[in-house]
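J.:
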Amino acid sequence: MKLSKSFVPTLKEVPTDAVIPSHILMLRAGMVRMLSAGIYSFLPLGYKVIKRISDIIREEMDAIGGQEFHLPALNPIEIWEQTNRVEAFGDTMFHIKNRDYVLAPTHEEIMTYHAKGVLKSYKELPQIWYQIQTKFRNEPRPRSGVIRGRQFLMKDAYSFDTSFENLDKSYELHDKAYRAIFDRCGINYFVVGASSGAMGGSKSEEFMVKSDAGEDTVAFCESCKYAANVEVATSVVNSVARIDDSKELFEVSTPNIKSIDELCGFLNINENQTAKSRIYIHDEKPVLVLMSGNDEVNETKLESVLGGNVRPGHPEELKDITGADAGSIGPIGFKHRIIADLRLKDGNNLYSGANKNDFHIGGIDMKRDVPNVEYFDLRTIQSGETCTKCGEKLEVFKAIELGHIFKLGTKYSEGLGANFLDENGKENPIVMGSYGIGVERVLACYLEQNHDDNGIVWDKSLAPFQIHLMGLNMKKDSVVEASEKLYKDLQAEGYEVLFDDRSTVQAGFKFNEADLLGMPVHIIVGDKKLAENKVEIKIRKTGERMDVSLDELSSKLKELLA
RNA sequence: CGGGGCGUAGCGUAGUCCGGUUAGCGCGCCUGCUUUGGGAGCAGGAGGUCGCAGGUUCGAAUCCUGCCGCCCCGACCA
């Protein structure tokens with residue numbers, strides 16, 4: 022592709038709306054342009070990379086027996102009503118105004134619809150069906166460029182099996198395929214066991230990339246590769262020590278003391294001598310949750326302990342329930358259910374709120390004074406805590422979810438009546454799995470991980486072009502002649518070449534733009550070296566440069582781009 | 001949906017508090033000449049409903065009201 026005739030609108034300056042590196046680079050390298058919040062047009066260079074990623078996905082999906090579909094984005098709303106997902110998605114689903122259609126946010130229903138009545142016999146299973154298409158979700162807040170958009174490209178696959186045992190096999194196939202895909206894309210990722218949530222599946226794994234732009238928070242152990250969403254992550258934590266001499270309860274005046282830090286400062290005590298109280302509402306009834314010191318309540322853990330949704334009590338409610346405002350609430354005299362984090366188990370000589378504003382109570386003995394308390398793991402773990410698997414330090418950080426594989430079970434086959442006949446002629450719902458990859462996210466994550474101050478650093482697997490050929494002074498006939506010939510020859514050898522043949526820009530401009538666009542190998546044709554029958558090669562990733570004679574160029578490139 | 005910020009030429013911005021020339025600057029773009037190995041120089045030029053709609057005023061980018069859009073934090077995230 023000749024740059025003089027191409028639409029690659031690069032930017033020298035950073036657009037103000039872009040914050041994270043991948044977004045900035047996609048805009049600066051002329052790969053995408055925004056149409057509206059969370060809605061992006063892919064320009065030729067960006068779309069070329071999207072096609073590379075899609076091709077890798079396609080190859081690996083086909084390798085496990087996947088069959089590619091092309092499905093409608095416009096769906097009759099009735100199908101979605103059969104699985105109650107119009108309600109489940111709520112405002113996240115786009116609705117068409119002048120006909121009863123919705124824009125598909127995913128395709129479980131549609132794939133199952135096609136399986137229904139067609140996959141009738143156990144002899145026809147298993148099947149793996151997939152598609153790589155645009156999905157639509159009315160995200161309340163699109164962000165981070167292409168990472169969270171209102172429309173986005175997704176590869177989603179669905180497996181159809183006769184049993185949960187066979188589903189395990191399909192699941193394993195996808196697990197392998199996903200690792201192959203992300204490896205080939207050059208992504209540095211890790212796999213997190215996730216809770217399967219409301220989808221009713223038994224197992225689920227997320228493929229994640231560490232990034233401050235991520236929306237998930239995960240705990241990761243570098244040493245043993247333990248990884249878990251912080252919502253469910255555990256760590257080795259010592260419980261507060263029990264002291265031999267258990268004091269009596271006593272009340273202390275603590276004017277204007279609200280936080281644990283203030284309390285510790287005021288009384289000159291340690292954080293682990295305190296028990297923080299949080300009031301949650303569950304089933305319309307208050308529950309007092311006691312945490313040690315500044316430990317944060319993990320609401321996901323709390324919900325799984327209590328069963329069902331919880332919400333923090335409103336400030337107005339707190340006074341009604343406890344007689345005090347937040348900051349002075351405690352277990353002594355509290356009339357409703359009390360649960361506490363495991364760290365507090367059987368602790369004594371603790372300080373907590375007195376359920377009276379500006380007072381705290383000391384000398385609390387959990388065994389003696391809070392006899393009905395129940396203990397659970399309720400804390401949100403923190404970076405630096407000890408891994409329960411190997412004893413090394415855990416790291417907690419933000420991550421982007423690139424892919425998700427999970428075992429759906431029969432929710433959709435039952436909802437839509439997709440059944441098959443087994444060996445005994447008995448009708449059973451098809452057992453399904455669901456497997457997604459955010460295609461643009463692969464691109465964004467790659468860029469997050471592969472750039473330097475000058476721009477993108479493409480690996481040959483995703484690079485839009487393998488070679489960036491530059492004719493430095495295109496007003497000199499020798500340079501024009503030599504670079505044009507190279508352009509043709511290299512293409513004839515099977516390389517994809519971006520040729521900066523512009524006569525209007527200077528050498529320095531071409532170098533900087535080449536660094537921004539980031540093709541793996543740059544070939545620089547200048548008149549001085551050409552006089553010696555040589556050109557210069559630059560490796561983008563290392564910055565290494567070498568002079569190569571035209572005779573040896575072909576073999577050198579084979580070596581570099583093998 | 002809550003909190004914060006922003007909206008002036010393709011991009012980046014000054015001017016807005018305190019209303020008053022023809023809305024300024026850098027990059028980019030067009031023409032010409034020069035230059036040609038790390039984002040060139042000189043000269044000339046094009047390009048603006050100052051987000052939109054009302055209002056106040058002799059006069060509004062600037063003040064007031066409403067709306068729209070974008071970014072960040074939070075809520076949300078099958």
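If you're matching positions, the first sequence starts at 22 in our numbering and goes up one per residue. Cβ atoms here follow ideal geometry from the backbone N, Cα and C, with glycine treated the same way.
Is it true that the CB of C408 sits closer than 8 Å to the CB of L399?
T.: no
J.: Ignore the nearest five residues each way along the sequence and tell me which others in Y396's own chain have a CB closer than 8 Å to its CB.
T.: So the qualifying residues of the chain are I360, A361, D362, L363, L365 and K366.
J.: Determine the extent of the alpha helix (DSSP H) in which Q487 is found, giving its start and end residues.
T.: Per DSSP, Q487 belongs to no alpha helix (DSSP H) and is neither H nor E.
J.: How is the beta strand (DSSP E) around Q103 delimited, first residue to last?
T.: Run containing Q103: none in the beta strand (DSSP E); it sits in the alpha helix (DSSP H), I98 to Q103.
J.: Could you check where the beta strand (DSSP E) with T155 kicks off and where it finishes?
T.: Annotation for T155: the continuous beta strand (DSSP E) segment containing it runs Q148 to F157.
J.: In the structure shown, what three-state DSSP assignment does E272 receive?
T.: Note: E272 maps to strand in three-state DSSP.
J.: In whole angstroms, what separates the C-alpha of G221 from that of L92?
T.: In this prediction, G221 has a pLDDT of 45, which is less than 50 and means its spatial position is unreliable; nothing more can be read from the coordinates.
J.: Once DSSP output is grouped into helix, strand and coil, what is the label at D237?
T.: strand
J.: Would you say N376 and G354 are within 8 Å of each other, going by their C-beta atoms?
T.: yes
J.: Where do the ends of the beta strand (DSSP E) carrying V417 lie?
T.: E416 to G430
J.: Going by DSSP in three states, E34 sits in which element: helix, strand or coil?
T.: Here E34 carries a coil assignment [DSSP, helix/strand/coil].
J.: Which runs of the alpha helix (DSSP H), 4 residues or longer, sit entirely within the region 63-130?
T.: 65-84, 98-103 and 106-110
J.: Under 8 Å, do A439 and K137 count as touching if we go by C-beta distance?
T.: yes
J.: Does the beta-carbon distance from D521 to G492 come in below 8 Å?
T.: yes
J.: Keeping to the same chain, check which residues put their C-beta closer than 6 Å to that of M567; ignore five residues upstream and five downstream.
T.: I558
J.: Who are the Cβ neighbours of H543 in its own chain at under 6 Å, not counting the five residues just before and after it?
T.: H489, A535 and K559
J.: Got a sec, what are the start and stop residues for the beta strand (DSSP E) N449 sits in?
T.: E448 to P450
J.: Residues in the same chain with beta-carbon distance under 6 Å from T238, minus the five sequence neighbours each way, listed in chain order, please.
T.: V251 and K419
J.: List the endpoints of the continuous alpha helix (DSSP H) containing P336.
T.: P336 to T343
J.: Which class does I202 belong to by DSSP, given the choice of helix, strand or coil?
T.: Correct three-state label for I202: helix.
J.: How far does the beta strand (DSSP E) with V391 in it reach, from first residue to last?
T.: That residue, V391, is in no beta strand (DSSP E); it is neither H nor E in DSSP.
J.: How big is the Cα-Cα spacing for L95 and E337?
T.: 46 Å
J.: Straight-line CA distance for N330 to I168?
T.: 28 Å
J.: Going by Cα to Cα distance, which pick from L48, N119, S75 and I117 is closest to G166?
T.: L48
J.: Kindly identify the DSSP beta-bridge partner or partners of Q512.
T.: Its beta-bridge partners do not exist; DSSP assigns none.
J.: With DSSP collapsed to three states, give me the class of A552.
T.: coil
J.: Is there contact between the region 255-268 and the region 226-234, where contact requires at least three CB pairs shorter than 8 Å?
T.: no
J.: Could you give the distance in angstroms between the alpha-carbon of D282 and the alpha-carbon of N289?
T.: 10 Å
J.: V29 by DSSP, collapsed to three states: which one?
T.: coil
J.: Give me the Cα-Cα distance between E553 and I74, rounded to the nearest whole angstrom.
T.: 40 Å
J.: Looking at L309 and Y372, is the spacing between their C-beta atoms short of 8 Å?
T.: no
J.: Can you tell which of K197, V139 and E81 has its C-alpha closest to the C-alpha of Y151?
T.: E81
J.: Using 10 angstroms around the beta-carbon of G374, count the other beta-carbons present and answer buried if the total reaches 16, otherwise exposed.
T.: buried
J.: Please state if the CB of F228 and the CB of L423 are separated by a distance shorter than 8 Å.
T.: yes
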